[in-house]
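Quick notes on the structure that follows.
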Amino acid sequence: MSGPRDRRAAGANVGGGAPVHGVGVPRWLLVVAAVGGLFVVVPLVAMIARVNGGEFIPLVTSESSLQALGLSLRTSLTATALCLVFGVPLAIVLARTRFPGQRVVRALVLLPLVLPPVVAGIALLYTFGRRGLIGQLLSSWGIDIAFSTTAVVLAQTFVALPFLVLSLEGALRTFGGRYETVAATLGAGPTTTFLRVTLPLLLPAVVSGAVLSFARALGEFGATLTFAGSLAGATRTLPLEIYLQRETDPDAAVALSLVLVLVAVLIVVASQWLAGLQPGARRAKLAGRPKDDPESNDGRAAGGDSPSLRGRRHTTAGRADAIGVGVPSDEDADAVPQPRRADVGIDTAFRHDARDVEVSFEVRAGETVAVLGPNGSGKSTALGVIVGVLAPDAGSRIHSSRALVDHGVNVPPHRRGVALLAQDALLFPHLSALENVAFGPRSAGASRHVARETALRWLERVDAASLAARMPATLSGGQAQRVAIARALATDPDVLLLDEPMSALDVRVASDLRRLLRTVLADRTTILVTHDVVDALTLADRALVMNRGRVVEQGSPRDLIERPRTPFMAQLAGLNFFEGERRGDVLHTDDGLRIPLPPCERAEPAVVPDSHRETSDATEPAAARWVAVIPPASVGLDRRGEIVDTILDVEPHGDTVRVRTALVFADVPLRLWASLDVDAGDRVTFSLPTHHLVAFSAPRTRTDAPTTDGTGPTTPGVF
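Residue 719, in full-length UniProt numbering, is where the sequence shown stops; the numbers in between run on with no holes.
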């Protein structure tokens, strides 16, 4: 007999019910569920109990039974094929496109799910019958459909098609359009994307939906009887045969019903098994992770550095031979695109009114520009417009090696020569690492051999040749991002877009990947969206800051971090930020503070776009907008200080304690903090040593005050 401790060990028992996977289920719910299950099972058991075992085989193998069974299988298979032909495109159009009246169309397509079968039969009769809407025309050509085997197929297709559409539409919405977007940025046109990405990803759902459609077609009765009648050998399917036998030979009806039950059981088992399949799962299981794989340990599996990355990053020998795929020979070298120095920049000026984004900037050939900004500032929207998955509003202009967006011009994503690498690697799950990297060259028209050689060359360059045969499901985050980088670069894009590629990785893996990117991005035109100042400092030649859909500052990453002109950049750099009017040697902030500043000759000018330069120099004594920053370690606790505020939060920060208020934050030495009798909620006084302050003028165009949410000004910046 178990006690309370035993029950707790078995799992949480919420609501006093039996635990299921650690979550309790109310006992009354189990009772209701059991009644529901019995309601389905008991009638089937009762029917099976009535089967005469001795006469079962003769009954189901009689001429009429075999004839009806054969007709049902033939027509159901034909109807299922028609469901696939029309249902797959229909589901994709409904899930992937937007058009007026789409909800009405979807409702009409799914209407047969709720229509009584007899009503469906009448609708078909008045459409394809001799006097029907289409039947009259067909009859004049000598084609009669009603009360024929063709009518059976049409009736079964009519009632079964919605099952396939509903199944596929749900799968499409689950997958979203991310993989198709990646395929387009790799140069794949709509047809290639559909055949090589969409269909393989949907294959389990397609098969599962087809099985359900076949089951519905096999059991169709009402629409068939109304539209096709019951003609032996022509329209009398197995359900109709069962219905007729029920009047004359009940034993035969029960035996034939058992046949349908067995078929239904097989269909349910098959559909459940197929529903659990994931694209590439079987290949991933077969590929696995070799026990002797040098990347299977923690360091390399995470995408860590290796001797080849440190010393022979540009070679193609070694591990590629080990996987048995081969490397390019000397005579193939000309056929394989080589890493090249970028000679194409990008000039963009666009607006997207729906998202309130309006920016204008240029990235020079071979330059890496980091784009920083708070969430919702428009960074990803800018990338979407550049890559072509978002349509800008009229008057926008994007030029690379040619006009991508201009008056009357809007080049589709697969023809732009712009590759996108997102924070999720988004490797196609049904393709191996090698096939993923070869996808772009193949889409561009390269032969299978040349595409694989190109893929191997890039996998070797990113130190991932040993992963060529692996499936995405077996790769770690760092490994997957390496393969994704190789895949993006194998297309030899004019411009490479990186959307926070390291945000989902741990610190060590991100460091390894950052070191890799420094190598492969050299002299390549790149736009890098990031929230990490380390990314901007180590990878970017230039940086710009966006806020509320506008560019608000730009310059070298180091200048922006040392002299931030927005609260966001100050927060990113870990600095206290104050802005206001300078009057003499005092900064009058928008929060009412009076902060003594260094003498004017020590002030450093802001790094701003040429279009935003001040006409005055740093020695101008008149009131002007100025910014002052100071690191938290330089902020002191002093009764004679400039800032009196209430402590909001106290948290450990290395060997110091970080004290936060609404106006300032300070890093206080641990021993000093321990000696103070203060805590959150107390008011304290902070001092800002003048010799630790860095002050510089803000552009006159920034007349707006900082926002209360700390995201900074909204004035557009164009450079």
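Note that CB positions come from ideal geometry on N, CA and C, so glycine has one too.
In the DSSP assignment, glycine 580 falls within the beta strand (DSSP E) that extends over 576-583. Bridge partners of glutamate 435 according to DSSP: none are assigned.
Three or more beta-carbon pairs separated by less than 8 angstroms link the region 518-528 to the region 495-509, which places the two stretches in contact.
Counting only runs of 4 or more residues that sit fully inside the region 502-535, the alpha helix (DSSP H) segments are 507-520, in chain order. Its chain contains Val254, Ser257, Leu258, Val261 as the residues whose beta carbon lies nearer than 8 angstroms to that of methionine 47, once the 5 sequence neighbours on both sides are disregarded; these appear in chain order. Bridge pairing for alanine 695: Ala628 [DSSP]. In this structure the region 406-425 lies against the region 379-392, because at least three pairs of beta carbons, one per stretch, are closer than 8 angstroms. Annotation: leucine 672 to glycine 478 spans about 42 angstroms, alpha carbon to alpha carbon. Distance from the CA atom of glutamate 63 to the CA atom of threonine 80, rounded to whole angstroms, is 26 angstroms.
Approximately 11 angstroms separates the beta-carbon atoms of glycine 222 and proline 112; this is outside 8 angstroms, ruling out the contact.
Judged by DSSP in its simplified three-state form, serine 380 adopts helix. An exposed status is given to glutamate 55, since fewer than 16 other beta-carbon atoms sit within 10 Å of its beta-carbon. Taken in chain order, the complete beta strand (DSSP E) segments of 3 or more residues contained in the region 150-181 number zero; there are none. In its chain, beyond the 5 residues on either side, Ala68, Leu71, Ser72, Thr75, Val152, Thr224 have a beta carbon closer than 7 angstroms to the beta carbon of threonine 237. In this structure, the straight-line span from the alpha carbon of phenylalanine 214 to that of threonine 474 is close to 35 angstroms.
Between serine 675 and aspartate 638 the beta-carbon gap is near 14 angstroms, outside 8 angstroms, which marks them as no contact. Under the 8 angstroms Cβ criterion, the region 539-555 counts as touching the region 369-379, having at least three qualifying pairs. For the alpha helix (DSSP H) assignment, the uninterrupted runs of no fewer than 4 residues enclosed by the region 56-103 are, from N- to C-terminal side, 63-96. According to the DSSP secondary-structure assignment, glutamate 651 is paired through a beta bridge with Arg658.
A direct Cα-to-Cα measurement between isoleucine 398 and glycine 345 gives close to 11 angstroms. Isoleucine 346 is bridged by DSSP to Val363. Secondary structure of threonine 198 (DSSP, three-state): helix.
Residues of the same chain with a CB within less than 7 angstroms of the CB of glycine 229, apart from the 5 flanking positions on each side, are Phe147, Thr235 in chain order. Between alanine 438 and arginine 415, the C-beta spacing is not below 8 angstroms. Three or more Cβ pairs drawn from the region 624-634 and the region 573-593 lie within less than 8 angstroms of each other, which places the two stretches in contact.
The three-state reading of DSSP puts alanine 469 in coil, since its state is none of H, G, I, E or B. With fewer than three CB-CB distances shorter than 8 angstroms, the region 186-204 does not count as touching the region 160-167. Rounded to whole angstroms, the separation of the alpha carbons of alanine 464 and asparagine 436 is 13 angstroms. Beta-bridge analysis with DSSP links asparagine 375 to no other residue. Non-local C-beta neighbours of arginine 594 in its own chain, meaning closer than 8 angstroms and more than five positions away in sequence, comprise Val586, Leu587, His588, Glu642, ordered along the chain.
Per DSSP, the continuous beta strand (DSSP E) segment holding glutamine 554 begins and ends at 550-555.
Taking C-beta atoms as the reference points, aspartate 393 and arginine 351 count as a pair closer than 8 angstroms. Where histidine 449 is concerned, there is no enclosing beta strand (DSSP E), although the alpha helix (DSSP H) around it starts and stops at 448-461. Put simply, the backbone Cα of methionine 569 is about 13 angstroms away from that of asparagine 375. When C-alpha distances from glutamate 362 are compared across Asp353, Lys379, Ala264, Ser400, the shortest belongs to Ser400. The DSSP-derived three-state label of serine 687 is strand.
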